[in-house]
Every structure is written in structure tokens, then in C-alpha cells.
Amino acid sequence: MAGNRHDARIHQTWINSDRSVPTRFVKPFVRFTQISASSGIVLLVATVVALIWANGPFGDTYTEFWDAHLEINLGPLHFDESLKHFVNDGLMVIFFFVVGLEIKRELVVGDLKDRKQAALPAIAAIGGMVFPALIFFVFVAGEGGEAMRGWGIPMATDIAFSIGIISLLGSRVSAGAKLFLLALAIADDIGAIAVIAIFYTSDLSFAFLLAALIGLGLVYVAQRVGIRAIGFYWVLGITVWFFVLESGVHATLAGVALGLLTPVQAWYSDAEYVQRSRWILDRYDMESTAPSHRERVDASALTLSAVAKESVSPLDRLETSLHPWSSFLIVPIFALANAGVRIVDVDLYEAATSPVALGVTFGLLVGKMVGITLATWIAVRTGVGKLPRRTGWRQVLGLAAIAGIGFTVSLFITELAYEGPPFVDQAKIGIFIGSGLAGFIGYSLLRTSKTPEEELAAGRERLGLDDPAATETAPAT
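Have a look at this one:
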């Protein structure tokens, strides 16, 4: 869904019209949904492998492997944590960096740029976060203590699985409805990041936090003065990540902050790119017949390559290069490290009916459906927002159910909320059940809904417009 600059008409019409979305937006969006659909399959496979590994004959090796310590020294930076913590605190920074890039693009040039266009998915996302948390509190109120810390678990929406299911429905879901779900999931990510930053932060070290803020300030200043070397930002970014890790704020938030600081505009405008490219190509034509032209042609080609590179925004370049790694490697590794619930050692019925598991299950399933649908209805009734074209309330309910697939971020928050068994296992079981049921119900609702073409045909039939006799007797115009 990456695009360098979205035409302003996209933001004004994507809710009202499917045909008005320009090709320069549709093609990247289709490419994004295809990656998300494929990555959802890889994520599901990784989850199944983790469950089989944790519950198979060699189940003990699962915990032993992920608890093995990993030590990394990069000059003054020293990292000594378990392999699981390296995945959660290290590799997942790239995942959250990509999330930060997506949020930055949507806020600057995407569907969240215009407040009126962003109102409906933003309000829907708020409803989809508040109601799951309230339902969780209802189930866990009698437990108190540590059990209550999991209220943020059912608030999340997994983009990969959600878009993956939507892609299976093809044309039965309008482009406007797909964009609504995508914008809702992005707004949901913003809420989840805020929850992690505010409520799941350990004791703060203000010295390291200040150092991290200074590092982020240096990133901003370097961009303003025109430093373009990507290696410089990698070094600075890793340093910021280490300071955030040591500060007590969860290290993945460094990825979000760096993503939000990434420039969304290219160094050269479209007109400058065309002008400079033509000038270089004209020189190429002249140099190709000159003596010793090989070196000059090579220099021209390198210059043209540099111009082409700087005509794409850093945000688009980074997202294009990192999104496949995040979707097909990092997130599956995260699932492999965190989804391995050892159910052979627990009473599955007792764990699944525990207050924590029920709170997560019904929070994801009922909380998302009720919260998103009710918030959307209120926004539409009050005139704050408008439903996407060719999208009815049955489709909204189906999209709200699919938003209840909380998998990746829900598992992530589980590891932050609880120290270990039994609550971690209960919450993960609730995530599996709630996400699975939400996906099934959402798919069923959307699959059995009439497509826009079927609704049009039914309307024509009710009006008798497809009746040959009615056509013959219809007055001439």
C-alpha cells in the first residue's frame, strides 16, 4: 500500500466511490494485501509448528531453546538476554519500525491525513479498543492483582491475518470496505502503541531515556541538514534502541519513533526527476560516440541511478525493503517463540474457562464486534462519518468480527502483562480461541453477504427491470 504521494482526490472519495481510486494507489495497495495474505499463511504455519514443538515428544527443548542466553557486544553496547527476549526486544523493533512507517504515511499522505476521512475508522478503532478492555475487566474483576494487567491483550488487531481473510473473499468485499478495515487497523496500532508506552513500561531510567531522546533529536537534525547516508541512520538507530531498552520503556517503541521520523517526501520532485533524467540521458547519447566514452557512460549511469533513488521517499524505500522481511521472517519467528503453549501440562478445559482466557476470548470476539459496530453506527448517525460505498451494516459487522483477530500484538502484550504461568498460558489460549472464532464468524458474515452486483441485480428484479415483458411495454425515451 506504499505510495510516494497520494492524489488528493483519494482522500476525498475513497469512502464514496470505488472507481475513483487512482491506479497509483490501487496497485501498491493490492501488492500490500497480497503480501499480508501470504504472510498470514506463513504466520499460521509458524504458530502450528510452535504448538507441535511445545507439545511433542521433545517439548522440553522448546523452552530450553528460547531460554538460551544470547550475548551481543557492539562497542560500548552490551546485550545479554535470552533468545526469546532477543526476538521480542530486538527483532520485533523492525516490525514496529514498519508499523511506524505505515502510521507516518497514513498520517501525512494517507487516509488518516484528512480528519473527516479519518473520523470513521478512528472512532471505530476507539470503540474496538474500549469495549474489549471493558469485557476483560468484567470477567477478571474478581481475580484482582496480576490478572487485571492483561486488559490490553484483546484490544489489538492483526493486520496480516485480517487482510489475509479479506483477500480470500475477493470482490465480495468492496475496495472501500477493505480500506476502512485497513485504516481501522492502523488506528488500532496507534492505540496499542500508546497502551504499551503508558501502561506496560517498567521502572524508568531518566538518564537513558534522555539519551534516547537526544538520539532521536539527532536523527531529526540530520534529516534537516540533508544527511542521506543510510548507514549513518542505522548506527544512530541501533544506539537509540539500546538507550530505550535500558531506559525501562519497551525497546520496540524505539522502532515506532524512528519510523515516525522517517521522511515521507522524496529529495527530488517528480518534475525534477524527469528533468534531471532527461539531461543525463541526453549526455549519454552524446558520450556514447566520443573517445573513451565507457568511463563517462558509467558515470552517467551511476548518476541516473542516484537520481532515481532519491526520487523515491526514504519511507517508501525502507518500507518496500523491510516489509517482506518483517512479514515473512520476523513475525513468524516471533510466533514460533511465543505461541508454543504447552497444553499437555495443563487442564485445557480449566485453562480455557479461566477468567483471563474468557476475558480475552470474549474481548476479541464480542468486544470488537460490538465496539466497532456501535461506534461506527454512532459516527454515521451523528454525521461525523459515512459508510464506504457499497458497504452495508452486515459487512460492517463482518469487518468488526475480523478485526477481532488480535494474534501478533495480543501475544506481544501478553508477554509484557504477565510474568509467566498460569496467566500467560491462559491468555494465549484465549487469543487462539477468540481470534479463531472471530476470523470464522467474520468470514462467514462477509461470505454470505450479497455482493454489490448481486444487490443491484436483486433491486432490478424487484423493480421488474429485468422482465422482458416489462421491457417491451416500457415507454420509449
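Numbered as in my numbering, the sequence shown ends at 1034 without a single skipped number.
All C-beta atoms in this analysis are idealised placements derived from N, C-alpha and C, irrespective of residue type, glycine included.
The model shown is predicted, which means the values in this text are computed figures rather than measured ones.
Between the alpha carbons of I629 and Q780 lies a gap of roughly 29 Å. By the Cβ neighbour-count rule, P689 is buried, with 16 or more other Cβ atoms within 10 Å of its own.
Counting C-beta atoms within 10 angstroms of its own C-beta, W791 has fewer than 16 neighbours from the protein chains shown and is therefore classed as exposed.
In the three-state reduction of the DSSP assignment, D760 falls in the coil class. Annotation for G916: F693, F696 and V697 place their beta carbon closer than 6 Å to its own, counting only its chain and skipping 5 residues before and after. A Cβ-Cβ distance of about 20 Å is found for the pair S596 and V813, leaving them out of contact under the 8 Å criterion. If the five residues before and after G977 are omitted, its C-beta is found closer than 7 Å to no C-beta atom of its own chain.
Residue burial is scored here from C-beta neighbours: G613 has fewer than 16 other C-beta atoms within 10 angstroms and is therefore classed as exposed.
Around L954, the same chain offers M926, T930 and L1002 as residues with beta carbons nearer than 7 Å, after the five sequence neighbours per side are excluded.
The C-alpha of Y1000 is placed about 11 Å away from the C-alpha of G993. Closest by C-alpha distance to W950, out of G963, W934, F980 and I722, is W934.
Secondary structure of S639 (DSSP, three-state): strand. DSSP places H880 in the helix class (H, G or I) of the three-state scheme. DSSP places E659 within a helical segment (H, G or I) once states are collapsed to three. Cβ-Cβ distances below 6 Å link F653 to T809, G812 and V813 in the same chain, with the five nearest sequence neighbours on each side left out; the list follows chain order. The beta carbon of A974 lies closer than 7 Å to those of R706, G707, G709, I710 and Y757 in the same chain, with the five residues before and after it left out. Less than 8 Å separates the beta-carbon of K661 from that of G816. Judged by DSSP secondary structure, A932 falls within the alpha helix (DSSP H) whose first and last residues are K925 to R938. According to the DSSP assignment, T910 belongs to no alpha helix (DSSP H), since it is labelled neither H nor E.
Annotated as proximal: D715 and I962, with beta-carbon spacing under 8 Å.
The beta-bridge partner set that DSSP reports for L627 consists of E638.
Residue range V888 to N895 is occupied by the alpha helix (DSSP H) that includes N895. Of M712, A823 and A751, the smallest CA-CA separation from L922 is found for M712. By the CB criterion at 8 Å, R1004 and L726 fall inside the cutoff.
Under the DSSP assignment, I986 falls in the alpha helix (DSSP H) whose first and last residues are F980 to R1004. Distances from the alpha-carbon of G772 to those of A682, F789 and L738 put F789 closest.
Here L664 is not near L956, since their CB atoms are 8 Å or more apart.
Under the DSSP assignment, Q952 falls in the alpha helix (DSSP H) whose first and last residues are W950 to I959. Separation of F964 and F989 (C-alpha to C-alpha, rounded to the nearest whole angstrom) is 7 Å.
Counting only residues of its own chain and dropping the five nearest sequence neighbours on each side, A908 has a CB closer than 8 Å to the CB of I900, A914, P979, D982, Q983 and I986. Counted as a single uninterrupted DSSP element, the stretch harbouring E703 is not any alpha helix (DSSP H), since DSSP gives it neither H nor E.
S1006 and G897 have their C-alpha atoms some 36 Å from each other. Counting only residues of its own chain and dropping the five nearest sequence neighbours on each side, V806 has a CB closer than 6 Å to the CB of T758. The DSSP-derived three-state label of A823 is coil.
Under the three-state reduction of DSSP output, L944 falls in the coil class, being neither helix nor strand.
S804: member of the alpha helix (DSSP H) spanning I787 to S804, first to last residue.
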